[in-house]
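In terms of this note's numbering, the numbers along the sequence shown are unbroken and rise by one, the last being 996.
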Amino acid sequence: MEGNAEASAAGAAVGFDEGWYGAALGAFFAMTVLMFVIVNFFISAPYGRHVRRGWGFGVAVREAWIIMESPALFVMALVYHTGQFHSLHVPHILLRLHQMHYIHRTLIFPFRMRADGKAMPVSVVAAGFLFNVFNSYLQARWISHYGTYPTPWLSSPQFLLGALLFFGGFAGNIWADNVLLNLRSDKEDRSYKIPRGFLYEYVSCPNYFCEVVEWLGWAIMTNSLAGFAFFVATLANLGPRAKAHHQWYYKKFSDYPRSRKALTPFIY
Ligand SMILES: NC(=O)c1ccc[n+]([C@@H]2O[C@H](COP(=O)([O-])OP(=O)(O)OC[C@H]3O[C@@H](n4cnc5c(N)ncnc54)[C@H](OP(=O)(O)O)[C@@H]3O)[C@@H](O)[C@H]2O)c1
């Protein structure tokens with residue numbers, strides 16, 4: 729229970745910092761609501777199939793993903809190591825799990841995309857970059873500084889359930905992205921096809937569904953408002969995008985399967 733003892737000793741010493749952290753968390757929730765209203769009711773984020781002119785100069789897609797996602801590696805690591813509990817066992821495991829996702833997203837996924845010649849508007853790259861700076865600060869600060877994670881937390885039903893959802897979502901997200909990436913014959917192929925098989929028979933965007941499940945797992949595993957905020961932000965971003973993809977598929981392919989939902993099997 730060493731984490732508990734250290735946490736209570738430190739709790740009194742971080743009053744100002746705690747107030748700032750609470751305000752940052754509140755601002756993150758407010759930003760999420762604003763983002764949801766914009767992407768659900770007004771505009772689809774202009775990248776991928778929804779790319780449009782008027783959002784700034786284009787950044788090559790591969791570089792765009794690396795730049796946009798990189799704060800989740802370096803900000804997360806830097807802030808984590810300033811935390812009072814950074815050397816404890818459970819926070820360290822949580823950091824490693826977070827890094828597992830973002831090493832894949834930042835350093836592996838962009839090189840597997842068949843996206844030669846495609847670009848992402850600089851405004852989208854900037855928005856993604858800032859989101860990742862903000863979110864990484866919140867996650868890292870919580871798990872290594874404010875959160876209390878004694879070693880027995882690892883065998884608690886809550887941690888185990890969260891870990892199950894996290895790993896299931898992580899694996900499902902990679903699988904679903906792989907199906908999409910393999911629909912194109914080579915790096916210069918820019919065509920779209922109807923994805924098929926397993927979860928694709930139920931929803932148009934299983935990659936988004938699994939990503940949402942993964943961060944739900946993170947919220948449960950970390951038992952934190954920060955984790956919950958990340959889960960809600962992912963849902964608020966990817967829910968409307970799944971709806972936009974789903975409607976786009978209907979318009980593009982007259983034989984698109986009518987039984988599929990957008991994001992969540994049988995529901996939405
Ligand atoms: N946590 C978050 O808030 C968050 C936010 C955004 C993304 N992500 C994750 O990042 C990953 C990529 O996101 P994304 O928005 O780029 O996903 P996406 O629109 O599904 O596209 C993924 C890749 O597959 C290609 N693709 C998609 N549908 C295709 C089809 N029917 N035929 C051929 N190729 C197809 C896309 O090409 P084009 O680019 O040419 O369309 C892109 O290279 C996903 O795993 C997502 O969950 C997470």
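A virtual CB, placed ideally from N, CA and C, is assigned to each residue, including glycine.
| Check | Outcome |
| --- | --- |
| May I ask which residues mark the beginning and end of the alpha helix (DSSP H) holding M848? | No alpha helix (DSSP H) holds M848; the beta strand (DSSP E) holding it covers A847 to P849. |
| Looking at C-alpha atoms only, which residue of V807, K989, I771 and R986 is the closest neighbour of Y874? | V807 |
| Can you tell me whether A868 is buried or exposed, with buried defined as 16 or more other CB within 10 angstroms of its CB? | buried |
| Just how far apart, CA to CA, sit K832 and I771? | Reading off the sequence shown, one finds His at residue 832, where the question assumed Lys. One C-alpha to the other measures close to 28 Å. |
| Would DSSP call K989 helix, strand or coil? | strand |
| Ligand 1 and N965: does the residue's C-beta get closer than 8 Å to at least one heavy atom of that ligand? | yes |
| Throw me the rounded Cβ distance for the F959 and W976 pair, which I believe falls under 8 Å. | Their Cβ separation, rounded to whole angstroms, is 25 Å, which puts F959 and W976 out of contact at 8 Å. |
| Does DSSP put A751 in a helix, a strand or coil? | helix |
| Please state whether DSSP places G945 in a helix, a strand or coil. | helix |
| Out of curiosity, what's the CA-to-CA distance linking A904 and E746? | 39 Å |
| Among residues of its own chain, excluding the 5 on either side of Y749, which ones have a beta-carbon nearer than 7 Å to its beta-carbon? | R869 and Y874 |
| Return the Cβ separation of V850 and V779 in integer angstroms, given the expectation that the two are a contact with Cβ distance under 8 Å. | With 8 Å as the limit, V850 and V779 do not qualify as a contact, their Cβ atoms being about 12 Å apart. |
| Could you please give the first and the last residue of the uninterrupted beta strand (DSSP E) stretch that includes A788? | G786 to A788 |
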